[in-house]
Amino acid sequence: MALNLNQKKEVVAELAEVAGKAHSLVAAEYAGLTVEQLTGLRRKARQEGVFLKVAKNTLVSRAVEDTDYAVVKDALVGPLLYAFSQEDPGAAGRLIQEFAKANDKLKPRLVSLGGQMYPGSHVDVLASLPTRDQALSMLLSVMVQPATMLVRVLAEPASQVARVTNAVGQQKAA
């Protein structure tokens, strides 16, 4: 179904707003997927905080003009599905990677993160990025480690004295 000019402007405005706030972008070729498969992908995307859109490449290229994703404008060729990570940078990568394992018709074509464009094969790298909770737990473990080591160092002289006293006591008893 063809869009009129006002509808195209709405799509461009919506995509521009999403792209301005998004952490990463994955564009994937979806030719050959059934309606049920796409519906399942959209449902999973909503659950994971990923904005998923099938739109004309010209509209997407206009929408990303003034964003970090302007680098992908020339690479938008063919029927593509666009996944923007809204909350977690790796969410779109994990979504596309997981869905592509079960459906070989979905093929990642490009990945964009931090104003850089990468080939679709980098979706694995994007998917391996830690979630916010994982990153916070890693940070916490790094922050707690010095305190843990300090407690061990401070406790060691007392335990050495206890071991020496015990050894001397055992020698005198023998």
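Numbers 1 to 174, taken from full-length UniProt numbering, label the letters of the sequence shown in order.
Idealized CB from N, CA, C, for every residue including glycine.
Give the range of the alpha helix (DSSP H) segment to which residue i is assigned.
i, result
"SER159", "132-173"
"ALA83", "From DSSP, ALA83 is part of no alpha helix (DSSP H) but of the beta strand (DSSP E) over 80-85."
"LEU15", "5-21"
Rounding to the nearest angstrom, what Cα-Cα distance links residue i and residue j in this structure?
i, j, result
"TYR30", "LEU59", "18 Å"
"THR34", "GLY114", "32 Å"
"LYS44", "ALA27", "16 Å"
"ASP104", "ALA13", "32 Å"
"LEU150", "GLU156", "10 Å"
"ALA158", "VAL164", "10 Å"
"GLN160", "VAL153", "11 Å"
"LYS21", "ALA162", "60 Å"
"LYS56", "PRO146", "53 Å"
As a quick exercise: from the options, pick the residue whose alpha carbon is nearest that of residue i.
i, options, result
"PHE84", "ALA100, ILE96, VAL77", "ILE96"
Count the other C-beta atoms from every protein chain shown that fall within 10 angstroms of the C-beta of residue i, then say buried if there are 16 or more, exposed otherwise.
i, result
"VAL72", "buried"
"GLU10", "exposed"
"THR67", "buried"
"VAL142", "exposed"
"GLY93", "buried"
Looking only at its own chain, which residues have a Cβ that is under 7 Å from the Cβ of residue i, when we skip the five neighbours before and after it?
i, result
"PRO108", "VAL26, ALA28, ILE96, ALA100, GLY120, VAL123"
Go through its chain and collect everything with a Cβ distance to residue i's Cβ below 8 Å, but skip five positions before and after it.
i, result
"VAL132", "It is Arg, not Val, that sits at residue 132 in the sequence shown. The residues are GLU87, ASP88."
"LEU140", "none"
I need the boundaries of the beta strand (DSSP E) containing residue i, first residue and last residue.
i, result
"LEU129", "Segment: none, LEU129 is in no beta strand (DSSP E) and carries neither H nor E."
"VAL71", "Here VAL71 belongs to no beta strand (DSSP E), and DSSP marks it neither H nor E."
"GLU29", "24-29"
"SER112", "107-113"
Looking only at its own chain, which residues have a Cβ that is under 6 Å from the Cβ of residue i, when we skip the five neighbours before and after it?
i, result
"PHE51", "VAL18, PHE84, GLN86"
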